[in-house]
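A quick write-up on the structure given underneath.
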Amino acid sequence: MNHQRGKQSIVFSNRPYVVGAAAVVGVKEGQGPQRKWFDFILEDDIFGEKTWEKAEGKMLKKAIDLALGDGRVPEKQVDLLLGGDLINQLMIANYAARDLQIPFLGLYGACSTMTESLIMGSVFIDGGYASNAVCAASSHYCTAERQFRMPLEHGNQRPPSAQWTATASGSMVLSGRRSPGRNIRISAATIGRVVDPGIKDVNQMGAAMAPAAVDTLLTHFRDMDRTPSDYDVILSGDLGNIGKNILIDMMEKQGCPVTEQYNDCGALMYTDSQDVHSGGSGCGCSASIFSGRVIKEMRQGTLRRALIMSTGALLSTISSGQGESIPGIAHAVVLEAEGGE
Amino acid sequence: MKNNKTKKQEAKQYEAYVKEFTPKPKVLVNGVKAFITGGLICAAAYAVQTWLIRTMNLGEDAAKTWVTVLLICTAQLLTGLGWFDTLAKFCGAGCIVPITGFANSMVSPAIEYKAEGPVLGVGAKLFSVAGPVLVCGITASVVAGLIQWCMR
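Order-wise, the sequence lines are chains A and U. For what it's worth, our numbering labels the leading residue of the first sequence as 4, then goes sequentially. For what it's worth, our numbering labels the leading residue of the second sequence as 7, then goes sequentially.
In structure tokens, the structure reads:
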């Protein structure tokens, strides 16, 4: 049986179950409007560790542990850990994987890592190459800032287009077997292409990623022969306020308006009074809202079918130092709630 | 494959399009804030200098040095306490342009890279922000000096 739809989309015949999910966030994120959807909120962003990197590793592991507990899947029964973060050579995910001792494939898709790992995990489970897989992604304001920008205590003013790297981790447990209660299944996915609109300003990440997100959305609807109204919610990862408005405008110009059901995790994460300018960013931004809010809302029955799409700005300190433009990418995953009606 | 020229044109067009969605930085408000706070810092420094000269009977050169040291120490302390970045968010250039900004740009990487050790962490990264400014500043002063020497 052919699982491909068009060139970029795939449908899963065995539709893997999302049996467990958890979101762990930092202090600032826990004060934001999404507070009630998170499973664990840190009291201090250093999380009792000596370095920010260790704190982020602990946060990622916490999200994975909580998701396993939520799905009642013992660690020993997990065949595969898929995940990543933003720090050089996937330092954070590597350390979390060292502690967990689950066979591990590290993934880097910048902030698109959450849906990238969900796609990979679904393929493994759908094909029968794993029974249970954990998909996770993480970011931390303090580790990302020092790697990509300036030291934390450095006094500078951020431009209005700047986004705030979310201190957050999200994790989902995928399984080939159903769990009791309402089931959430992954039915399809669209793998994004790299689209580079030529933006060089590292404080314009939303604008750099928006065309890639539009490309993935349009491709998804074409490949799957669907329209935006087939979904209860369409959520992009971290386009922020500016990128979100660009996406809405571009989709409308393409004759495929998404205004009704569309939103962006970066735009949802904070309130204006939290002074984050254009909203949140980072792998954890979409990972925590997908694993926290979307999964819970599907379990509660308020959402039936969701299109989640993490977006990544594929830049490095070297590429921006050499004046290169920022390539963008976006991967989309379809979540469907089953039963309960 | 598109050629480079059309790619560049497209990038420019997109940049202009993006600008429509980007809120403008509040240049005037920020400028006024910087003017007032920067002025206040300098006025306070001058008051201390006058006090040193009149009350402590210091020479003008010695008083100037003490004031500079005091400004640097204050900025370093504020950076260490984690207040400087909050202050700079409000003041902007007002507290970055005086020598306080320089002090902050030295101390902030020093704190940041403490975990990497005293030599290869702090030692290597201490000048990561201030270094480029120093190199360019000193180079510019040499050029200016040469021009002045030629004009004599």
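Note that CB positions come from ideal geometry on N, CA and C, so glycine has one too.
Chain A beta carbons: is any one of them nearer than 8 Å to that of residue i?
i         : result
U:Ala-17  : yes
U:Thr-85  : yes
U:Cys-48  : no
U:Lys-95  : yes
U:Phe-90  : yes
U:Thr-28  : yes
U:Gly-65  : no
U:Lys-13  : yes
U:Ile-42  : no
U:Pro-104 : no
U:Gly-4   : Only positions 7 to 158 of chain U appear in this structure, which leaves residue 4 of chain U out of reach.
U:Val-24  : yes
U:Cys-101 : yes
U:Asn-110 : yes
U:Ile-78  : no
U:Ile-59  : no
U:Ala-68  : no
U:Ala-51  : no
U:Gly-45  : no
U:Gly-37  : no
Applying the criterion that 16 or more other CB atoms from any shown protein chain within 10 Å of the CB defines a buried residue, is residue i buried or exposed?
i         : result
U:Met-62  : exposed
A:Tyr-265 : buried
U:Leu-46  : exposed
U:Pro-31  : exposed
A:Ile-128 : buried
A:Val-137 : buried
A:Met-175 : buried
A:Gly-47  : One detail in the question is off: residue 47 of chain A reads as Asp in this sequence, not Gly. Classification for A:Asp-47: exposed.
A:Pro-154 : buried
U:Asp-91  : buried
A:Lys-61  : buried
A:Thr-146 : buried
U:Lys-25  : exposed
A:Leu-121 : buried
A:Ala-215 : buried
A:Leu-45  : buried
Do residue i and residue j have their C-beta atoms closer together than 8 Å?
i         : j         : result
A:Gly-287 : U:Ile-102 : no
A:Leu-63  : A:Ala-133 : no
A:Val-14  : A:Leu-177 : no
A:Leu-306 : A:Gly-269 : no
A:Ala-290 : A:Gly-173 : yes
A:Gln-160 : U:Gly-100 : no
A:Val-336 : A:Ile-189 : yes
A:Thr-219 : A:Gly-9   : no
A:Ser-313 : A:Cys-114 : yes
A:Asp-204 : A:Pro-330 : no
A:Leu-85  : A:Tyr-111 : no
A:Ile-202 : U:Glu-21  : yes
U:Ile-105 : U:Ile-78  : yes
A:Met-272 : A:Val-261 : no
A:Ala-140 : A:Met-117 : yes
A:Ser-281 : A:Ile-249 : no
A:Gln-150 : A:Thr-320 : yes
A:Ile-298 : A:Ile-187 : yes
A:Val-27  : A:Phe-43  : yes
A:Ala-24  : A:Ser-294 : yes
A:Ala-333 : A:Gly-109 : no
Is there a Cβ of chain U sitting closer than 8 Å to that of residue i, yes or no?
i         : result
A:Ser-178 : no
A:Pro-200 : yes
A:Ala-316 : no
A:Gln-37  : no
A:Ala-210 : yes
A:Thr-274 : no
A:Thr-146 : no
A:Gln-207 : yes
A:Thr-116 : no
A:Lys-65  : no
A:Thr-54  : yes
* Asked: Where are the alpha helix (DSSP H) runs, 4 residues long or more, that stay fully inside the region 196-281 of chain A, in chain order?
  -> 208-227, 243-256, 268-272
* In chain order, what residues of the region 149-167 of chain A put their CB closer than 9 Å to some CB of chain U? -> Arg-149, Met-153, Pro-154, Leu-155, Glu-156, His-157, Gly-158, Asn-159, Gln-160, Arg-161, Pro-162, Pro-163, Ser-164
* Quick one, which residues of the region 323-343 of chain A are near chain U if we go by CB-CB under 8 Å, in chain order? -> Ser-328
* Every unbroken alpha helix (DSSP H) within the region 137-185 of chain A, with a cutoff of 4 residues, ordered by chain -> 144-151
* **Short-range partners of chain A found in the region 124-156 of chain U, where Cβ spacing is below 9 Å** => With the criterion set as a beta carbon lying under 9 Å from some beta carbon of chain A, the members of the region 124-156 of chain U are Lys-131, Ser-134, Val-135, in sequence order.
* To do: Run through the region 44-103 of chain U for me and flag every whole alpha helix (DSSP H) of 4 or more residues, listed as ranges in chain order.
  => 66-86, 90-97, 99-102
* Asked: Any residues in the region 232-266 of chain A with a beta carbon nearer than 7 Å to a beta carbon of chain U? Which ones, in chain order?
  -> Ile-245, Asn-248, Ile-249
* Interface residues of the region 76-105 of chain A facing chain U [CB-CB below 7 Å] -> From the region 76-105 of chain A, no residue has a Cβ closer than 7 Å to chain U.
* Chain-ordered residues of the region 14-35 of chain A with a beta carbon less than 8 Å from chain U -> none
* Asked: Which full runs of the alpha helix (DSSP H) of 4+ residues lie inside the region 16-87 of chain A, going along the chain?
  -> Whole alpha helix (DSSP H) segments, 4+ residues: 30-33, 55-73.
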